[in-house]
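Novice: Numbering (my numbering), first residue to last: 16 to 783. Ideal Cβ placement from N, Cα and C applies to all residues, glycine included.
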Ligand code: ADP
Ligand code: MG
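1. Hey, could you find the ends of the alpha helix (DSSP H) residue 725 is sitting in?
2. Would the C-beta of residue 181 count as close to the ligand MG, meaning under 7 Å from any of its heavy atoms?
3. Which whole runs of the alpha helix (DSSP H) in the segment 583–623 are 4 residues long or more, in chain order?
4. Alpha carbons only, please: which of 630, 518, 166 and 157 is nearest the one belonging to residue 486?
5. Taking the beta strand (DSSP E) that residue 54 belongs to, which residues open and close that run?
6. Just to confirm, are residue 227 and residue 52 a CB contact at a threshold of 8 Å?
7. Give me the Cα-Cα distance between residue 270 and residue 684, rounded to the nearest whole angstrom.
8. Buried or exposed: which applies to residue 151, given that a residue is buried once 16 or more other Cβ atoms fall within 10 Å of its Cβ?
9. Tell me which same chain residues have a C-beta within less than 7 Å of the C-beta of residue 769, skipping the five on either side of it?
10. Quick one: does the C-beta of residue 211 sit closer than 7 Å to a heavy atom of the ligand MG?
11. One question on the structure: do residue 687 and residue 155 come within less than 8 Å of each other, judged by their Cβ atoms?
12. When the Cα atoms are used, what is the spatial distance from residue 474 to residue 401?
13. As a quick exercise: from 505, 281, 567 and 37, pick the residue whose alpha carbon is nearest that of residue 396.
14. Residue 239 to residue 764, Cα distance in whole Å?
15. Helix, strand or coil for residue 805? Go by DSSP, reduced to three states.
16. Count the other CB atoms, across all protein chains shown, that sit within 10 Å of the CB of residue 757; report buried if there are 16 or more and exposed otherwise.
17. Taking residue 504 as part of the beta strand (DSSP E), name the residues at either end of that continuous run.
18. Is residue 60 a contact residue of the ligand ADP, with contact defined as CB to any heavy atom under 7 Å?
19. As an exercise, report each continuous beta strand (DSSP E) stretch of at least 3 residues that is fully enclosed by the segment 23–51, in chain order.
20. Within the same chain, show all residues whose beta-carbon is closer than 6 Å to that of residue 728, passing over the 5 residues directly before and after it, in chain order.
21. CB residue 224 to CB residue 212, shorter than 8 Å?
22. To which residues does DSSP link residue 399 through a beta bridge?
23. Under a three-way DSSP split, which group does residue 345 fall into?
24. Where does the unbroken alpha helix (DSSP H) through residue 494 begin, and where does it stop?
25. Following a CB-centred definition, is residue 28 positioned closer than 7 Å to any heavy atom of the ligand ADP?
26. Which full runs of the beta strand (DSSP E) of 3+ residues lie inside the segment 242–307, going along the chain?
27. Quick one: grab the DSSP three-state call for residue 210.
28. Considering only the alpha carbon of each residue, which of 30, 527 and 103 lies closest to residue 347?
29. Since residue 554 is in the alpha helix (DSSP H), which residue starts that stretch and which ends it?
30. Can you list, in chain order, the residues of its chain with a C-beta nearer than 8 Å to that of residue 724? Leave out the 5 residues immediately preceding and following it.
31. From the DSSP output, in three-state form, read off residue 76 for me.
32. Within 10 Å of its beta-carbon, does residue 97 have 16 or more other beta-carbons around it, so buried, or fewer, so exposed?
33. What does the alpha-carbon distance come out to for the pair residue 799 and residue 463?
34. When the Cα of residue 179 is compared with those of 469, 103 and 65, which residue comes out closest?
35. Identify, in the order they occur along the chain, each residue of the same chain with its Cβ nearer than 6 Å to the Cβ of residue 427, setting aside the five sequence neighbours on each side.
36. Would you mind reading off the limits of the beta strand (DSSP E) that contains residue 350?
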């Protein structure tokens with residue numbers, strides 16, 4: 016069954032080579048009690064370790080079942096130790112942090128035995144050594160003799176064919192020694208027991224054969240195996256495997272014995288997680304604040320496509336105004352001044368076509384919070400001026416001073432565009448009342464043509480004069496006289512002005528772009544939405560509209576409509592005649608600044624390859640704010656990335672160190688596990704399980720602490736910025752952080768775990 020053939024083993028330490036075994040030969044029977052005697056250092060332990068597969072020979076061969084072990088793999092050695100060998104050591108080598116029962120079960124645990132049979136076999140073995148009632152005690156609650164009996168029970172539990180005992184009574188008094196010897200002798204009835212001892216008397220009294228060693232040589236054998244003796248019994252070798260749950264349980268028990276340190280470790284490594292959790296909660300909160308801020312500012316400052324847009328960028332515009340203008344900016348006096356007319360030529364007139372409206376319908380809805388279409392209609396106004404008499408003004412007259420529809424609110428809750436962006440210098444705005452609003456630039460200037468349209472003149476006009484001026488909106492049936500199938504406008508403006516059908520209107524208010532909104536430097540006349548409604552109301556059933564609706568030519572000019580034309584088509588003419596409203600201004604409210612950039616890009620694309628007259632230009636009111644908040648976001652992101660990477664690195668290094676310390680502390684346990692047949696892989700698992708537990712613990716601890724720290728953080732932020740509850744930890748982030756913590760601790764522990772698994776079992780057992 017077992018034969019040592021010509022085995023040599025030497026150790027080299029510090030350049031000095033010591034031959035522990037020198038060409039050693041020995042054969043064993045399947046059932047006998049062999050005692051090995053010899054002075055200290057003669058090679059007894061080395062011999063036992065080689066037989067047990069804990070240590071490997073340099074040369075020669077160990078014959079098991081008649082076959083060589085020269086080509087044994089690590090796995091086969093592990094299985095051999097687990098199935099065939101039971102070790103009993105002088106210093107008992109029990110694992111301190113698990114119970115007696117679990118110690119006895121360990122060999123079966125390693126071989127993957129079911130917990131039921133494991134328990135039964137372990138209790139049987141404990142019964143045999145008379146310690147069944149102590150099964151749930153921890154090793155340090157037993158006496159030396161009891162501990163050795165536990166070790167014997169552990170060796171017996173797997174029912175191995177060979178029991179190897181290295182000075183099992185070396186640490187016991189003579190009375191206890193005898194009890195242990197009786198136990199071992201009993202075992203040897205149906206097993207091979209090889210026992211190393213110093214005690215010649217015990218050896219001769221109990222064993223069936225005494226072998227003596229000196230300097231690695233066999234010097235005496237009282238009962239050598241004769242060559243003709245048969246050795247049929249075969250050793251059974253079954254592969255071992257420990258599952259991760261066992262490893263977890265083992266580590267969990269170990270961790271439980273040092274709670275304080277475990278919590279400290281978990282806390283230390285959770286600092287990284289706490290940091291990231293806080294940063295995430297803050298950036299989360301700030302992101303929400305920024306989103307809100309963007310939404311509000313964008314609801315006050317939409318992208319506007321109106322009939323008039325500046326054809327030059329606002330910087331050029333402002334510099335022209337500066338160099339050409341000596342008048343005071345933001346004056347306090349109650350007058351409106353006349354502007355140099357050169358700038359008027361820089362105004363671009365947008366003709367919003369059906370084609371463009373269709374284009375807008377295809378805009379990416381993800382970017383848009385809402386789009387509001389302001390609709391207008393042809394409005395004809397007659398004014399009276401003492402010098403120039405009665406004059407006709409139309410909002411449709413292209414190229415004239417800028418007439419715009421007063422921007423309306425997107426919804427009831429939104430703050431008004433006007434209130435947010437303009438100062439009301441005189442009067443008050445009432446959108447429910449037909450009327451006009453005069454917009455002046457930052458020097459209170461307007462074009463002379465604008466002033467003329469109001470029926471006023473001069474270089475300087477007082478607010479009072481403007482607000483008291485009365486104009487008349489004339490209706491179609493007064494204005495257009497039917498001649499056959501055609502209409503001609505009535506040129507008698509005085510008659511029109513004084514007609515009782517005419518709607519009297521006034522300038523409701525004079526407004527100016529706020530000083531902090533310099534980009535609103537335009538000027539002109541705006542009219543209220545109720546004016547549009549009123550005009551449509553009076554004109555939709557007028558004679559000219561009814562006629563135009565059934566004719567396919569322009570009833571004013573006798574021109575045939577052209578399908579391709581932007582201006583000469585039925586729809587535009589009907590709009591002009593006040594039959595229906597046509598969109599004159601479109602306000603697009605983006606979701607956020609990034610969305611706004613996407614929308615602008617989309618709007619710019621429309622103009623590619625178009626003639627200048629056909630281009631549609633927009634006003635980007637939020638231009639100023641966007642770059643600012645973009646910078647804030649970038650800064651936050653950079654800080655976030657920097658912080659997270661530092662804390663990630665720190666915590667994984669720390670876990671590596673801590674696991675390494677644990678490996679050093681548990682070296683002995685590694686040796687025991689290996690002696691019981693644990694594979695290198697199993698040892699690795701034990702430590703990976705430990706880092707896994709610490710990782711989970713530190714992850715949860717980190718989240719809990721971060722959650723607590725958010726409370727004072729929010730109080731501080733509220734004191735500084737008046738924003739309540741900014742920092743918010745979102746549940747998904749928390750889960751991800753725990754996962755990261757576990758992953759990182761496992762990664763940090765990989766190297767120490769692999770160091771542990773590579774430890775030489777013999778040396779590991781030797782450490783204290
Ligand atoms: P015994 O058990 O008979 O006292 P050992 O088998 O432990 O003797 O040791 C035999 C010889 O080998 C001794 O001289 C010892 O110093 C040496 N030896 C044993 N193990 C090692 C080792 N791991 N490293 C260096 N020398 C060793
Ligand atoms: Mg020894």
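Specialist: On the basis of the data shown:
1. 695–736
2. yes
3. 585–591 and 608–622
4. 518
5. Run containing residue 54: none; DSSP gives neither H nor E here.
6. yes
7. 14 Å
8. exposed
9. 699
10. yes
11. no
12. 16 Å
13. 505
14. 51 Å
15. This structure cannot settle anything about residue 805, because the visible part of the chain is limited to 16 through 783.
16. buried
17. 501–504
18. yes
19. 31–43
20. 742
21. no
22. 405
23. coil
24. 491–494
25. yes
26. none
27. strand
28. 527
29. 544–554
30. 289 and 293
31. strand
32. buried
33. Examination of residue 799 is not possible in this model, given that the chain is present from 16 through 783 alone.
34. 103
35. Note on residue 427: pLDDT 47, under 50, position unreliable in the model; the coordinate value appears next. Same-chain partners within the cutoff: there are none.
36. 350–354
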